[in-house]
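Structure first, then comments.
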Amino acid sequence: MASASADLPDDVATLQALLIAARAETAAHLLMIEKLKAQLAKLRRMQFGQSSEKLDAAIHQLELALEDVEEGTAARTVLERAVMPATPDTRQHPVRRPLPDHLPREEIVHWPAGIADGDLGCGCQACGGQLRRLGQDETEVLERVTQFKVVRHIRPKIVCRLCEAIVQAPMPSLPIERGRPGPGLLAHVLVAKYADHLPLYRQSEVYAREGVDLDRSTLADWVGSAAALLTPLAEAIGKHAMAGRALHADDTPVPVLAPGFGKTATGRLWVYVRDERPHAGDAAPAVLYRYTPDRKGVRPQGHLQGFAGYLHADGYAGFDKLYAGSPGKRAAIAEVACWAHVRRKFFDIHQANASPVAAEALRRIGELYQVEDAVRGRPPDERRRSRQEHAVPRLANLRTWFDTTLPKLSGKSELARAIRYGLSRWPALTRYADRGDLEIDNNAAERAIRPLAIGRKNWLFAGSDKGGERAAVIYTLIGTARLNGLDPQAYLRDVLARIGDHPINRVGELAPWNWTSHARTVAPTEAVVEGAAGPR
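Residues 6 to 541 in my numbering are what the sequence shown spells out, letter by letter.
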């Protein structure tokens, strides 16, 4: 970011406290890394000469834990750099290994301003004197397109023969200085881990087969630094999502390795989707992910503190306080329940025993979806008219059928439970029919959750909320890019190449809906009014 410390406090004492805390946490994590490596080495010795699924799983989990701790160390290093002024670094660092000689080289020459393609006849801009070439600086960056290559940036030094003034083009900023990964390689690592569910230690093995030695700790350092760099952009996407009239919300469990490396605990990843496409809205779709260490109601209540409108969600009790309002004041958020949840209960019953009652419920709910199919993508007024004419009578008939069928069933049967679930949520289930800008179900959020359910076996947060928060940042960018029809890797490559020089107060310009590159190569993911007033 153009001003990496723009959002840090000005008070010196506060900055020192932040730095001390970051260094203490880094020291603790370095100790944790050594502990994990020792346990991993022990398990690998045990693995030699035997085959055990439990042992393989334990090694896999430790590899993932190491990734998370090392990513966290990198993210804290970004904070230290933002807090500390630029001073000469006198510490001894490991000698950086040269980039492999066998990789092809691509050279990009950066001439100073006013010198086109090495033409020195233009004269010195300082005094008009004749120019001559003094030498050049070279910086090699490891990049990956379809295969690895090294990009050599050449910056000729030009000196005036008369006044000896020296001019040279600046080095293009890199997303991460340490290790010098190009933006394309960094985007590939992020997408491989969070979209393709490939852990870093497995990525390292793939790269080794291609002749490039990138160990897991190096990749983890890159991921942690990239997440810190991209956090302001993810927050800008979140503000856009929360500015909508309606949101889709859901959550899913994620594994967390508890401190002490005992049993795996359970955190939560929450998703909030703004999608106005089903009612022909103008706002760009967006998805915001948030991580929390538990599922307490205060978590979503905190996430939605600034939101006012309609919330498509399941029956999770933690949302109830959001719908309650206060004495004499209408609630800022109204619940919109999900007919897909209701349908799923009857579908499971019918799959188990071919119940005719469940089949009838599915038929009636299916008629409601037929009404929706006819108006998908149409303006709100048209959708509302169609729902009032076709859906409202069917909803009334379904309610009557529920009321008359329930007394005929055993109170403890699954069918009775399914009907009671629908009746208990009836006002929220029918709210969509009175408007044209709401949806019949919460499938938008469920689609956003699905990739997490697929990938969570391949990452593990090592006893720290920071790992979950990093994942939420990257998922926000990847998910929103997909919603806007972008290739996530192409989008991240471009953003990572530009964000270091981009003003932090204009970071929203890098959001997927503002991306103007030609790389819009994938179809937007399936889909849905501006304003902050409470629901009517």
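Cβ coordinates follow ideal geometry from the N, Cα and C atoms, glycine included.
These figures come from a predicted structure and were not determined experimentally.
#1: Can you tell me the Cα-Cα spacing of Gly123 and Cys129, whole angstroms?
#2: Evaluate Tyr277 with the Cβ neighbour count: other Cβ atoms within 10 Å of its Cβ, from every protein chain shown; 16 or more gives buried, anything less gives exposed.
#3: At a cut of 8 Å, does the region 306 to 325 reach the region 487 to 500 through at least three beta carbon pairs?
#4: Out of curiosity, what's the CA-to-CA distance linking Gln152 and Val217?
#5: Entirely within the region 153 to 233 and at least 4 residues each: give me those alpha helix (DSSP H) ranges in chain order.
#6: So, using beta-carbon positions, are Val380 and Arg388 closer together than 8 Å?
#7: In this structure, does DSSP put Tyr296 in helix, strand or coil?
#8: Count the other C-beta atoms from every protein chain shown that fall within 10 angstroms of the C-beta of Ala433, then say buried if there are 16 or more, exposed otherwise.
#9: Within the continuous beta strand (DSSP E) that includes Gln141, where are the two ends?
#10: Comparing C-alpha positions only, which one of Leu309, Ala366, Ala345 sits nearest to Ala339?
#11: For Met37, count the other beta carbons within 10 Å of its own beta carbon; 16 or more makes it buried, fewer makes it exposed. Which is it?
#12: Comparing C-alpha positions only, which one of Arg160, Arg166, Arg440, Pro109 sits nearest to Leu136?
#13: Closest to Glu112 by C-alpha separation, out of Ala131, Leu147, Cys127, would be which residue?
#14: Contact check, Arg221 vs Leu205 under 8 Å by CB: the rounded distance?
#15: What separation, rounded to the nearest whole angstrom, lies between the Cα atoms of Gly187 and Ala22?
#16: Provide the residue span of the beta strand (DSSP E) that contains Tyr277, from first to last.
#17: Which residue comes first and which comes last in the alpha helix (DSSP H) that contains His308?
#18: Which whole-angstrom value describes the C-beta separation of Ala4 and Tyr199, a residue pair presumed to lie in contact below a C-beta threshold of 8 Å?
#19: Report all residues from its chain with a CB closer than 6 Å to the CB of Thr236; omit the five preceding and five following residues, and keep chain order.
#20: Once DSSP output is grouped into helix, strand and coil, what is the label at Gly353?
#21: Which residue comes first and which comes last in the beta strand (DSSP E) that contains Ile338?
#22: Could you give the DSSP three-state label for His115: helix, strand or coil?
#23: Quick check on Asp408: buried or exposed, where buried means 16 or more other Cβ atoms within 10 Å of its Cβ?
#24: Decide if the region 494 to 504 is in contact with the region 252 to 261; the criterion is three or more beta carbon pairs, one per stretch, under 8 Å apart.
Based on what the coordinates show:
#1: 13 Å
#2: buried
#3: no
#4: 11 Å
#5: 188 to 199, 205 to 214
#6: yes
#7: strand
#8: buried
#9: 136 to 149
#10: Leu309
#11: buried
#12: Arg166
#13: Leu147
#14: 5 Å
#15: 33 Å
#16: 269 to 279
#17: 303 to 308
#18: This structure leaves residue 4 out entirely; the chain is present only between 6 and 541.
#19: Val478
#20: In the sequence as displayed, the identity of residue 353 is Asp instead of Gly. Three-state DSSP puts Asp353 in a helix.
#21: 338 to 341
#22: coil
#23: exposed
#24: no
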